[in-house]
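There are 2 protein chains.
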Amino acid sequence: MQSGLFPDDPAETRIEILKATYAALLEHGYADLTIDRIGQHFPKSTSLLYHHYEGKDELLVDFLSYLLEDAEAGLGTESGASADERLLTLFDRIFAEETPESMAFQRAMAEMRAQAATDQEYRRHFTEHDRFFRDRLADVIRDGIEDGTFREVDPEQVATMLHTMLSGAMAEQVTSDLDLSSMRAEAEAYVEARLLAEGR
Amino acid sequence: MQSGLFPDDPAETRIEILKATYAALLEHGYADLTIDRIGQHFPKSTSLLYHHYEGKDELLVDFLSYLLEDAEAGLGTESGASADERLLTLFDRIFAEETPESMAFQRAMAEMRAQAATDQEYRRHFTEHDRFFRDRLADVIRDGIEDGTFREVDPEQVATMLHTMLSGAMAEQVTSDLDLSSMRAEAEAYVEARLLAEGR
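Just so you know, the sequences run in chain order A and B.
Per this note's numbering, the first sequence runs over residues 1 to 200.
Per this note's numbering, the second sequence runs over residues 1 to 200.
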């Protein structure tokens, strides 16, 4: 998700600000982030940030919306692949080798997600975020049932499980040192045992 | 886990402090917690808290250790039940109707877990926490394979999946408004499709 998240030379001020936010999040994490620290990654005057956003949290909620817009725009690239192949591609992406950049970003996301426990704006955002990814997973399951790859399962119910398992894994990757390397194999075993139609 | 977590009238000062910590966590959450606020729930002098702990985070890491000690002591009560029944009992507990108290406690846990993204002490604790629960889940899977209830799966791998899915669900319950009611059914479907031996 990280590489290519922002254009090299953003034309819009909003995108320029969000790109600076991303760089500052990687450097400082959520808790130590300030508008001034975002300003250090912003090529124009820091006062412009205050002009666009009331404060750090308003800016970050807009940053999270941008991630969703980017995810929406990036969909549909795997068309042509079967439903089970699309799920495995997703697992590959989630359980890919971590880089320092992806770890720093996941840490900041875990901190922001925890804000949703007490802050309504973050909660509203993460609800939208969860709904978006769960709906996309349900679409894949539905396609798989339609073309006979998958059994007749409840697409929403299976999507809820897949989403919860994947977001649990992403959170654990940055909050625990326990080895998650076998998750990829078991996620695949789940798809095979629960979803793949007989004889596939 | 909440009810009966602490004795009504703790004999040890440590337990008395941790009980006050629990009450203060429910009232203020992690971010707004202070030693003085814990002191307001502590029947003795607040200065005693400073005598026992350097600060809020040292106290909270000890609080998390107490939760593990309590969980360890509470194990083995479901002996006699078969492995699949033990898993379903666990699902019942995790997906039980939420109360204001259990929600407040889960919110505080989500905030503390996020600390583990940047704080080594919290991370060390949550690694131990995850290892404990994953090991117990692997024990149940192993028992089930031994007595023929379950297929010949890799117990560690399945336990990793179950644990990640359950901790993901607990986190989502307090950071998103999305409905998780179908998780219970899908967790059961996973056990059935992936674990139950043929003809059970």
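Yeah, the Cβ is synthetic: ideal placement off N, Cα and C, and Gly gets one too.
Run through the DSSP bridge pairs and tell me what residue i is partnered with.
| i | result |
| --- | --- |
| Leu137 of chain B | Beta-bridge pairing links Leu137 of chain B to no other residue. |
| Leu196 of chain B | B:Phe150 |
For the ligand GTP, is there any heavy atom lying closer than 7 angstroms to the beta carbon of residue i?
| i | result |
| --- | --- |
| Met161 of chain B | Judged by which ligands are present, the structure shown has none, so any question about the ligand GTP falls away. |
Look up residue i in the DSSP assignment and say whether it is helix, strand or coil.
| i | result |
| --- | --- |
| Glu188 of chain A | helix |
| Asp62 of chain A | helix |
| Thr99 of chain A | coil |
| Ala81 of chain B | coil |
| Phe6 of chain B | coil |
| Pro43 of chain A | coil |
| Thr89 of chain A | helix |
| Ser182 of chain B | coil |
| Ala20 of chain B | helix |
| Ser167 of chain A | helix |
| Thr118 of chain A | coil |
| Ile15 of chain B | helix |
| Asp32 of chain A | coil |
| Gly55 of chain B | coil |
| Asp177 of chain B | coil |
| His125 of chain A | helix |
Nearest to residue i by alpha carbon, out of the options?
| i | options | result |
| --- | --- | --- |
| Lys19 of chain A | A:Thr99, A:Pro43, A:Ala193 | A:Pro43 |
| Leu178 of chain B | A:Glu72, A:Thr13, A:Asp130 | A:Asp130 |
| Val140 of chain A | A:Glu27, A:His163, A:Tyr122, A:Glu121 | A:His163 |
| Glu121 of chain B | B:Glu16, B:Gln173, B:Leu60 | B:Leu60 |
| Phe150 of chain A | A:Asp8, A:Val191, A:Thr21, A:Leu68 | A:Val191 |
| Phe201 of chain A | A:Leu88, A:Ala189, A:Ala71, A:Ala24 | No statement about residue 201 of chain A is possible, as the shown extent of chain A runs from 1 to 200 and does not include it. |
| Arg136 of chain B | B:Ala159, B:Glu85, B:Tyr30 | B:Ala159 |
| Met183 of chain A | B:Ala83, B:Glu156, B:Leu180, B:Val174 | B:Glu156 |
| Glu186 of chain A | B:Ala187, B:Met161, B:Glu172 | B:Met161 |
| Ala83 of chain A | A:Leu5, A:Glu128, A:Thr175, A:Gly148 | A:Gly148 |
| Gln173 of chain A | B:Val153, B:Thr127, B:His52, B:Glu172 | B:Thr127 |
| Met103 of chain B | B:Gly199, B:Gly4, B:Ile15, B:Ser176 | B:Ser176 |
| Ser45 of chain B | B:Ala31, B:Leu64, B:Ile17 | B:Ile17 |
| Gln86 of chain B | B:Ala138, B:Gly29, B:Ala31, B:Phe6 | Residue identity differs from the one stated: residue 86 of chain B is Arg in this sequence, not Gln. Nearest of B:Ala138, B:Gly29, B:Ala31, B:Phe6 to Arg86 of chain B, Cα basis: B:Ala138. |
| Leu64 of chain B | B:Gly199, B:Val153, B:Arg124, B:Glu188 | B:Arg124 |
| Val153 of chain A | B:Glu27, B:Asp32, B:Ala189, B:Leu90 | B:Ala189 |
| Glu69 of chain B | B:Leu26, B:Leu5, B:Tyr50 | B:Leu5 |
| Arg107 of chain B | B:Phe133, B:His51, B:Tyr22 | B:Tyr22 |
| Leu48 of chain B | B:Gly80, B:Ile15, B:Glu27, B:Leu26 | B:Ile15 |
Are any of the Cβ atoms in chain D nearer than 8 angstroms to that of residue i?
| i | result |
| --- | --- |
| Asp36 of chain A | No chain D is part of this structure, whose protein chains are labelled A and B. |
Return the residues of the region 45-76 of chain B that lie within a Cβ-Cβ distance of less than 9 angstroms from chain A, sorted by chain order.
none
I want to know whether the region 103-120 of chain A touches the region 104-118 of chain B - three or more CB-CB distances under 8 angstroms.
yes
At a Cβ cut of 9 angstroms, what residues of the region 142-157 of chain A count as close to chain B, listed as they run along the chain?
Val153, Asp154, Glu156, Gln157
Is there contact between the region 41-61 of chain A and the region 157-170 of chain A, where contact requires at least three CB pairs shorter than 8 angstroms?
no
Cβ contact check for the region 191-198 of chain A and the region 135-150 of chain A: 3 or more pairs under 8 angstroms:
yes
Against chain B: residues of the region 80-111 of chain A by CB proximity under 7 angstroms
Arg107, Ala110, Glu111
Between the region 93-100 of chain A and the region 82-102 of chain B, do three or more beta carbon pairs fall short of 8 angstroms?
no
Can you give me, in chain order, the residues of the region 19-31 of chain B that have a beta carbon less than 9 angstroms from any beta carbon in chain A?
Gly29, Tyr30, Ala31
Selection of the region 159-178 of chain A by Cβ proximity to chain B, strictly under 7 angstroms
Thr160, Met161, Thr164, Met165, Ser167, Gly168, Ala169, Ala171, Glu172, Val174, Thr175, Ser176, Asp177, Leu178
Identify each residue in the region 110-131 of chain A for which the Cβ-Cβ distance to at least one residue of chain B is less than 7 angstroms, and report them in chain order.
Ala110, Glu111, Arg113, Ala114, Ala116, Ala117, Thr118, Arg123, Phe126, Thr127, Asp130, Arg131
Contact residues within the region 185-197 of chain B, judged by C-beta distance below 9 angstroms to chain A
Ala185, Glu186, Ala187, Ala189, Tyr190, Glu192, Ala193, Arg194, Leu195
If you pair each beta-carbon of the region 6-13 of chain B with each one of the region 33-43 of chain B, do three or more pairs fall below 8 angstroms?
no
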